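In the working numbering, the protein residues as written are 5 to 191.
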């Protein structure tokens with residue numbers, strides 16, 4: 005008698021969990037900080053989002069910044085050093101380009117002249133919905149996560165949701181497309 009055994013790829017991979025933050029649909033309000041914690045801790049947020057209007061001589065505008073805790077960093081565009089707007093399927097891991105931990109990064113800015121002509125800056129400058137990649141520390145090590153943000157420079161926005169990988173050092177894929185497992189997780 006011949007016995008046939010099957011082994012799926014799922015059986016060979018270690019099981020890790022994506023943990024969704026209990027904080028959802030947080031309004032991003034003009035001229036206020038919106039704190040966010042992956043673990044839901046109101047005492048020690050991992051970062052805050054700050055949306056504010058400004059006037060600078062003949063210019064006026066709106067800017068959205070991410071203000072991290074001292075050990076939090078964000079996925080950035082390596083050329084502009086502004087926060088990258090990531091899409092579904094993007095992987096956030098140790099190979100991503102991160103800001104210096106604790107450094108504020110600009111997500112986007114609209115800047116107009118008094119005659120209403122203007123410019124936008126950063127991946128988020130035209131508004132819309134996207135994902136911000138995050139690296140942060142928990143007692144067991146470095147974790148990777150993402151937050152979904154919807155922003156309109158009218159100025160308003162919403163931090164829709166966030167999630168992180170439960171195992172330290174393991175990357176996380178933004179939902180919406182099939183992810184390829186990291187090579188380290190295959191062994």
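Virtual Cβ for every residue (Gly too), placed ideally from N, Cα, C.
Note that the coordinates shown come from a computational prediction; the quantities given were computed from them, not determined experimentally.
Item: Can you name, in chain order, every residue of its own chain whose Cβ lies under 8 Å from the Cβ of residue 176, other than the five neighbours on each side?; Value: 22, 95, 96, 97, 148, 149, 150, 167, 168, 169
Item: If you follow the beta strand (DSSP E) that residue 150 is in, where does it begin and where does it stop?; Value: 145 to 156
Item: Provide the residue(s) that pair with residue 177 in DSSP beta bridges, ordered along the chain.; Value: 95
Item: Relative to the C-alpha of residue 197, which candidate in 74, 38, 20, 125 has its C-alpha closest?; Value: Because the chain spans 5 through 191 in this model, residue 197 falls outside it and cannot be assessed.
Item: Ignore the nearest five residues each way along the sequence and tell me which others in residue 66's own chain have a CB closer than 6 Å to its CB.; Value: 57, 114, 157, 159
Item: Can you tell me whether residue 24 is buried or exposed? The criterion is at least 16 other CB atoms within 10 Å of its CB, across all chains shown.; Value: exposed
Item: Tell me the rounded alpha-carbon separation between residue 43 and residue 83.; Value: 31 Å
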